[in-house]
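Each protein sequence line maps, in turn, to chains A and B. Residue numbering for the first sequence follows the working numbering, starting at 1 and increasing by one per position. Residue numbering for the second sequence follows the working numbering, starting at 1001 and increasing by one per position.
Protein chains: 2
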Amino acid sequence: MIVSPTQGLQLMADLFDCQGELHLLQKLAPLRAACIDAVQAADLSIVDQSFHQFEPIGVTGVILLAESHVAIHTWPEHRFVSLDIYVCHFSADNSAKAERLLHDLIQRFSSQQPNITRQTRGRPTRRPNNVTNSA
Amino acid sequence: MIVSPTQGLQLMADLFDCQGELHLLQKLAPLRAACIDAVQAADLSIVDQSFHQFEPIGVTGVILLAESHVAIHTWPEHRFVSLDIYVCHFSADNSAKAERLLHDLIQRFSSQQPNITRQTRGRPTRRPNNVTNSA
């Protein structure tokens, strides 16, 4: 399959009933460390990151990737995490890396009710019209 | 309507055929300035931002909001912009602000083929069972 440089995959995950360690949802440092570790384990390339601590608890953050981004927002009082993983397929189809990262983070938060939506982004490339068989 | 604190609206916009000024898609400084200006015009609250310049052209960036985030990726050689606007409804329904920001950015990039998907995030609050009529 020919993949367009602008085409990508976005995984939107509403992670309800997160029964993992609560400090992961409450505080910036452990959440950032877990996200960076998971992104690196999925072999995605970090170009920058930014996390913000809400007081007293709750974190919002993003990791900018060469492949696009990961965004995360936590509501510890509701044991809820909202997660976005977006990878473009600029040099390769990165869907498997995105799915691996999603699986890893669901495990780390121990979400008992993950609600996942997959969305294709960008325009699929049309096959060129001048492809012919030479036989 | 009762709105859950975890509930939100995500606008995913694939902006094809962007006929606006090309430097907006090519370079970090003008893109960041335009995004920050548009976010402030929509009365959303910036808590941090991070943008990365790809060489020689192309930018990826995010603005962290008190209300969640804006993420943007540009492919100037394809006149394509991928945009995400995500607002939670923690203290109020911020849908109108998100829609205003989306409209503003489509105008700035002058996209001739915007492809927009709207996704509800988080769990809707159920009405309490003990609501009764006292008549």
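Every residue gets a Cβ at the ideal spot worked out from N, C-alpha and C, and that includes glycine. Fair warning: this is a prediction, and the values are worked out from it, not measured in the lab.
Do residue i and residue j have their C-beta atoms closer together than 8 Å?
i	j	result
B:HIS1078	A:PRO5	yes
A:GLN49	A:LEU64	yes
B:LEU1011	B:ALA1066	no
A:LEU83	A:PHE51	no
A:ASP93	A:ALA42	no
B:ASP1014	B:GLN1112	no
A:GLY20	A:PHE109	yes
A:PRO76	A:GLY61	no
B:LEU1025	B:THR1074	yes
Name, please, each residue of chain A whose Cβ falls closer than 9 Å to the Cβ of residue i.
i	result
B:GLN1119	MET12, THR117, GLN119
B:LEU1064	SER50, PHE51, HIS52, THR60, GLY61, VAL62, ALA71
Which residue comes first and which comes last in the alpha helix (DSSP H) that contains residue i?
i	result
B:HIS1052	Taken as a continuous stretch (DSSP letters only), B:HIS1052 belongs to no alpha helix (DSSP H), being part of the beta strand (DSSP E) at 1046 to 1053.
B:LEU1022	Segment: none, B:LEU1022 is in no alpha helix (DSSP H) and carries neither H nor E.
A:ILE137	Because residue 137 of chain A is not part of the residues shown, which for chain A are 1 to 135, the question remains open.
A:ILE57	Per DSSP, A:ILE57 belongs to no alpha helix (DSSP H) and is neither H nor E.
A:ASP37	28 to 41
Given the structure, does residue i come close to the ligand COA, in the sense that its CB is under 7 Å from one of the ligand's heavy atoms?
i	result
B:HIS1069	Of the ligands one can find in the structure shown there are none, so the ligand COA has no counterpart to examine.
For residue i, which of the options has the nearest alpha-carbon?
i	options	result
A:ILE72	B:LEU1105, B:LEU1031, B:ARG1121, B:VAL1039	B:ARG1121
A:GLN119	A:ALA34, A:ARG100, A:ARG32, A:ILE85	A:ILE85
B:ALA1034	B:CYS1088, B:GLN1107, B:HIS1089, B:LEU1009	B:GLN1107
A:GLY8	A:SER95, A:PRO114, A:THR117	A:SER95
A:PHE90	A:HIS23, A:VAL47, A:SER68, A:ASN115	A:SER68
A:GLN40	A:GLN26, A:ARG123, A:ARG100, A:HIS23	A:ARG100
A:ILE36	A:LEU102, A:CYS88, A:ILE116	A:LEU102
B:ALA1038	B:LEU1022, B:VAL1070, B:VAL1047, B:HIS1023	B:VAL1070
A:PRO114	B:HIS1023, B:ARG1123, B:ASN1115	B:ARG1123
Mind listing the chain B neighbours of residue i? Cutoff is C-beta to C-beta under 7 Å, in chain order.
i	result
A:SER110	Within 7 Å Cβ-Cβ: nothing; A:SER110 doesn't reach chain B, min ~17 Å.
A:PRO114	Result: empty, since nearest Cβ-Cβ is about 12 Å, beyond 7 Å.
Note the first and the last residue of the continuous beta strand (DSSP E) segment covering residue i.
i	result
B:ARG1123	Run containing B:ARG1123: none; DSSP gives neither H nor E here.
B:ALA1071	1068 to 1075
A:PHE80	80 to 88
Name, please, each residue of chain B whose Cβ falls closer than 8 Å to the Cβ of residue i.
i	result
A:THR74	Per Cβ cutoff of 8 Å: no residues; A:THR74 is ~10 Å from chain B at best.
> According to a CB-to-CB cut-off of less than 9 Å, which residues of the segment 1040 to 1062 of chain B neighbour chain A?
Replying inline: VAL1047, ASP1048, GLN1049, SER1050, PHE1051, HIS1052, PHE1054, THR1060, GLY1061, VAL1062
>> What are the residues in the segment 78 to 102 of chain A lying within 9 Å of chain B by C-beta distance?
In response: HIS78, PHE80, SER82, ASP84, TYR86, CYS88, PHE90
> Going along the chain, which residues of the segment 20 to 32 of chain A sit with their C-beta nearer than 7 Å to a C-beta in chain B?
Replying inline: none
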